Structures are given as structure tokens and as C-alpha cells.
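J.: Just passing along the structure, written as C-alpha cells.
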Amino acid sequence: MKLLRVFIILVLLAATGVLYVIINSSDYQKTARSSPVYKHFQKDLSTSQKFPDNGINTEKQVRQKWEGHTEEADEWGERVSGVRNRIETDEKVVALTFDACGGPFGDEYDEELIDFLREESIPATLFFNARWITSNEQVFKDLADDPLFSVQNHGTEHLPLSIAGKTAWGIEGTGSVEEVIDEIMINQSLIEEMTGESPEFFRSGTAYYDNIAIKVIEDLGLTAVNYDVLGDAGATYSAEQVKESLLSASPGSIPLLHMNQPSSGTAEGVKKAIPELKAAGYSFVLLDGQKLTE
Numbered sequence: 017m018k019l020l021r022v023f024i025i026l027v028l029l030a031a032t033g034v035l036y037v038i039i040n041s042s043d044y045q046k047t048a049r050s051s052p053v054y055k056h057f058q059k060d061l062s063t064s065q066k067f068p069d070n071g072i073n074t075e076k077q078v079r080q081k082w083e084g085h086t087e088e089a090d091e092w093g094e095r096v097s098g099v100r101n102r103i104e105t106d107e108k109v110v111a112l113t114f115d116a117c118g119g120p121f122g123d124e125y126d127e128e129l130i131d132f133l134r135e136e137s138i139p140a141t142l143f144f145n146a147r148w149i150t151s152n153e154q155v156f157k158d159l160a161d162d163p164l165f166s167v168q169n170h171g172t173e174h175l176p177l178s179i180a181g182k183t184a185w186g187i188e189g190t191g192s193v194e195e196v197i198d199e200i201m202i203n204q205s206l207i208e209e210m211t212g213e214s215p216e217f218f219r220s221g222t223a224y225y226d227n228i229a230i231k232v233i234e235d236l237g238l239t240a241v242n243y244d245v246l247g248d249a250g251a252t253y254s255a256e257q258v259k260e261s262l263l264s265a266s267p268g269s270i271p272l273l274h275m276n277q278p279s280s281g282t283a284e285g286v287k288k289a290i291p292e293l294k295a296a297g298y299s300f301v302l303l304d305g306q307k308l309t310e
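In our numbering, the protein residues as written are 17 to 310.
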């Protein structure tokens, strides 16, 4: 009877979303850090991860550098110093980016959207969250194997990056430099283990950061990339709104859209906008190899 009660409680917790809160707790973070996915903790990543030329070449050294820091963040939001939002160019190119967020309400796959991009040979940069990857492992591998797409890092638990636990869109962010590194590097290691490649770009859950988190991202050899075109507003836009948003792109634009909400208007809006953008002389590129600017 006791076991039955425990089972019923767990079912109720999952149904109400409380389990999601538990997963984000510090106990979960400790468990995650001791899991096989976290085996990179003391591993020298200099052969794959592109750390900056500042004498730091392992994640462990980044942690040591920031241990005991006292500097407070003085910037917070989507437009923080160091976050790249556009390609620096006068050419009519657009870099489409799609987030795969994962979690209880975001682990689906917009196959119609991806099929369209493939049919039209439209390259796109895909930002994957660890939760989405683990829920869609084979799809992730297929996308990672497709040279049309670039695989990048969208965090482990889809958290805003803060050293003080700031909240964005109702989601409490990381609360320390250590948690910032965890949010980035657990997924970085997961992607590297599954693809053999280490992502170059990072986008946080909600696209919010503080300026200390940006410095940590840079120390880890990554570049924070947001957007200058809000493509689907978290997959809440109608198809017509998505289309109009994409048609507002200018040379070097980076639209942010989602590939994890097939019931949204994203796929249909993209399908409507692409022909018009092409007719206006635009072509599409990956973020890889581009000179990015704030």
C-alpha cells in the first residue's frame, strides 16, 4: 500500500509540473554532475573545444579562474555587451536559427518545417537543448549528420544565465558562476559525445544573460548569439505573423524561431516567407564562418 501511495504521488507531481521544478533543483544538478554526461569535468578539451588564447584550455581552469569572484553583474537582458545579434555584412544574406527547447511542453519535433528546409536546400543553424536531445535522440543524430544544418548549444535545463538567480519569462536563472558553467558545459559535452563536434555558439534559455555570464561563455570558448528578428515569439505567432516578421529582415539578419512546436504557425509562416525573401534577392547562410556583431 505504501508503494502504491508513492506511485500515485509521483504521477500527480508529474501531471502538475512539480516534477519539472524538482529536476531543476540543486540536488538534480549534483546528480547531473556525477552522471556519465558530465565526465568532461576534468577532461582537457583543448583538442576539440576552441578555448580562447588566454592561457585557459580546460573547463576546470575556467572554474578555477572564477572561483571566489566578487564582481557583480551590471547588465541583464537580451541585449548585453558581448552578445552577437547580426552578421556584419551589406550582402543580402539571412541566417535562420531555430531553437529546440525541450522539457514538458517543448520536446516535439516540427518535421514539416525541417522537411521544407531540406526540400528547398535552405541552411539553418539549430540550437539544441539537452532535454530535447535526450527526448529525440535519433532525430538529433539525423539532423547533426545533415550538412545543411549547424548544431549549436541551447543549454542543459533551458535557464537564463545569471550569477544571481535572476528570472526571465517566469524561469529562474542560474544562481552562480558554477551553475552558469554547468548549464553550458553539460550540454556542450553531450553534443560533443554524440556528434564528435564541439558547438561554437551558445544561446541561453529565454535568450537572457548578465554580463558576467557572457564573460564566462567567452572563457569557455563560445560565442553568445541572440537575434535581431523575433521570428515567432516563442512559437506563439500565427503563420501570417511569422511571415511578416521574417520579411522585416535586412542584410545580415539573424531571425530566432523554433523547431519544437509543430502545432504553431512557424512552419507555415516560414514556407510563406522564404519565396518572397528569395524574390527580394536574399540567400541563406549558416552562422558558421560569419563575422558576427552586436
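Don't be surprised by glycine CBs; every beta carbon is placed ideally from N, CA and C.
Here the structure is a predicted model, which is why all the values come from computation and not from measurement.
Quick one: using the 10 Å Cβ neighbour count with 16 as the cut-off for buried, is Asp158 buried or exposed?
T.: By the 10 Å Cβ count, Asp158 comes out exposed.
J.: Distance check for Ala295 and Tyr44, CA to CA, integer angstroms please.
T.: Note on Tyr44: pLDDT 37, under 50, position unreliable in the model; no value is reported.
J.: In this structure, how does DSSP classify Gln277 when only helix, strand and coil are distinguished?
T.: Three-state DSSP puts Gln277 in coil, outside helix and strand.
J.: Does the structure place the segment 88-98 close enough to the segment 115-122 that three or more beta carbon pairs sit under 8 Å?
T.: At 8 Å Cβ cutoff, the stretches do not touch.
J.: Evaluate Gly186 with the Cβ neighbour count: other Cβ atoms within 10 Å of its Cβ, from every protein chain shown; 16 or more gives buried, anything less gives exposed.
T.: By the 10 Å Cβ count, Gly186 comes out exposed.
J.: Which partner residues does Asn169 have in the DSSP bridge list?
T.: Looking at the DSSP assignment, Asn169 forms a beta bridge with Phe144, Phe218.
J.: Kindly give me the distance between the Cβ atoms of Phe132 and Lys287, rounded to whole angstroms, as I take these residues to be in contact under 8 Å.
T.: With 8 Å as the limit, Phe132 and Lys287 qualify as a contact, their Cβ atoms being about 5 Å apart.
J.: Rounded to a whole number of angstroms, what is the C-alpha to C-alpha distance between Ala223 and His85?
T.: Computed Cα separation, rounded: 24 Å.
J.: On a Cα-Cα basis, can you pick out the residue from Gly247, Thr211, Asn227 that is closest to Ser166?
T.: If we check each option's Cα against that of Ser166, Thr211 comes out closest.
J.: Note down the Cα distance separating Tyr225 from Glu135, rounded to an integer number of angstroms.
T.: Distance between the alpha carbons of Tyr225 and Glu135 is about 35 Å.
J.: Measuring straight from C-alpha to C-alpha, what distance separates Ala160 and Ser266?
T.: So the two alpha carbons sit approximately 28 Å from each other.
J.: Would you give the residue range spanned by the beta strand (DSSP E) that Asp235 belongs to?
T.: Where Asp235 is concerned, there is no enclosing beta strand (DSSP E), although the alpha helix (DSSP H) it sits in stretches over 227-235.
J.: Taking the straight line between their C-alpha atoms, what separation do you get for Glu195 and Gly118?
T.: Going from the Cα of Glu195 to the Cα of Gly118 covers about 19 Å.
J.: Kindly indicate which three-state DSSP category Val245 falls into: helix, strand or coil?
T.: Three-state result, Val245: strand.
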